[in-house]
Structure formats: structure tokens, C-alpha cells
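Asker:
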Amino acid sequence: MPALALKPALRTINLSAAGGPSDATVVVIPLPKNTVGVVFGQRLAEYLQRCNTYLLDTNNLVIDPQAVWDAPAASSRFLISQIVPSGFAQDPSVLCVGPFNEDRNIAVYCSHKKAGDSAYKQSEPKHSFYEFKIGSKNAISFTMVNAEDGGDSDFHDTVVGVAVVYTTK
């Protein structure tokens, strides 16, 4: 398997085996072994927004869990509307994964549905990354994914946070 990346990156990956597009532009966030990933998000746009999160191996192949997040109204929190395996999430507004004995990745895919559209269309994602240490030891890293649905070019339509918490020194 390839080595785990050190920082998040935009990637085009095939999500068709998991019901997604074959050419999805996603933000891939490294989830090193023995860490916990915490995902949550907010819709800020008028148009319907959707976020999909996928746990990936280091070859960027989808493994479980996979979650679909929908926000019921403008300026509302994303809630998990579908998850595989069913019953995985305990809190519909936060997804926690890990720790795992192997390196993993978390992929975030953002889409939107404008009035009159029959299906969700891919939004354009960007991301920012921050690392926090205690002394010289990793403590937490945080990736903000923000996406644009094409309405106004502010990249402030979907905002998703992914925290990676280290469980060892």
C-alpha cells in the first residue's frame, strides 16, 4: 500500500462502487493509525447542499463507513441521512471513526441541488489545514472543507470540519 499523505489534498477518485460519481473531486484527509476522526458540517446556502463522507484505505478505495449528510434548511447543520453499515452513527450531527490499526483516509465530497434540478451536482471544494501540538507531540489536526455551488463564487455554501485526534504520544 502507498504511504499515507502528511496533509489533506484535492483528489479525483472513482466513487461509483459506493454509488457516487466515477470522477469525484474530493478532499482526502489522512487518518493515521491510532487516531480518531470527527466529522461535522453546516449548510450556509439557499440551494440544497449535500455532503458525502467515505472512509478509504491508502489506495483511496472505499471501505465502511460511508455517510450521506443533508441539511434541512439554509443555515442548518448537516445531519446523517444515510449510513453504511446501517446503525453505525450514534449522533446524526457528528460522525466519529477510529482508532484503526492501519492508516486510512477520509474523503469529503460536496454537492448541491438548485431549484428545478433533478439531481445533485458536484460543488467545487477547497480546504484549509491546521495542526496543533503539545510540546513536540501531535495532538490534533483540523481540516476545513468549504465548497461553492456556483451561485456567488464565495466558497461559503457548504462548510465541513474534520478533526483528527491523536490517541498516542
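Residues in the sequence shown are numbered consecutively from -6, following the numbering used here. All C-beta atoms, glycine included, are put in the ideal place defined by N, C-alpha and C. Note that this is a predicted model, so its numbers are computed, not measured.
1) Looking at C-alpha atoms only, which residue of S68, S69, P58 and A67 is the closest neighbour of Q75?
2) Check whether the segment 96 to 115 and the segment 11 to 30 are in contact - that is, three or more C-beta pairs closer than 8 Å.
3) Could you give the residue range of the beta strand (DSSP E) that holds H105?
4) Would you be able to state if there are at least three C-beta pairs under 8 Å between the segment 142 to 152 and the segment 39 to 51?
5) Just curious, the beta strand (DSSP E) that A17 is in, first and last residue?
6) Under 6 Å Cβ to Cβ from K51, same chain only, skipping five residues before and after it: list those, please.
7) Quick test of your reading: V90 and G30, contact by CB under 8 Å. State the CB separation rounded to the nearest angstrom.
8) Find out if the Cβ-Cβ distance for the pair P1, T136 is shorter than 9 Å.
9) Mapping DSSP to helix, strand and coil, what is A(-2)?
10) Whose C-beta lies closer than 6 Å to the C-beta of D142 among residues of the same chain, with five residues either side of it excluded?
11) Quick one: Cα of A60 to Cα of C103, how far?
12) Just list the residues that DSSP pairs D63 with in beta bridges.
13) Exposed or buried, which one is A132 when buried takes at least 16 other CB atoms within 10 Å?
Answerer: In brief:
1) P58
2) yes
3) Secondary structure note for H105: its beta strand (DSSP E) is the uninterrupted segment R97 to K106.
4) Result yes; three or more Cβ-Cβ pairs closer than 8 Å.
5) Following the DSSP letters along the chain, one finds A17 inside the beta strand (DSSP E) bounded by residues A17 to L24.
6) Checking the displayed sequence, the identity of residue 51 turns out to be Thr instead of Lys. Around T51: M(-6), P(-5), L(-3) and D96.
7) G30 and V90 do touch by the CB rule: their CB atoms are close to 5 Å apart, below 8 Å.
8) yes
9) coil
10) A38, Y40, H105, S116 and D150
11) 12 Å
12) R43 and L72
13) exposed
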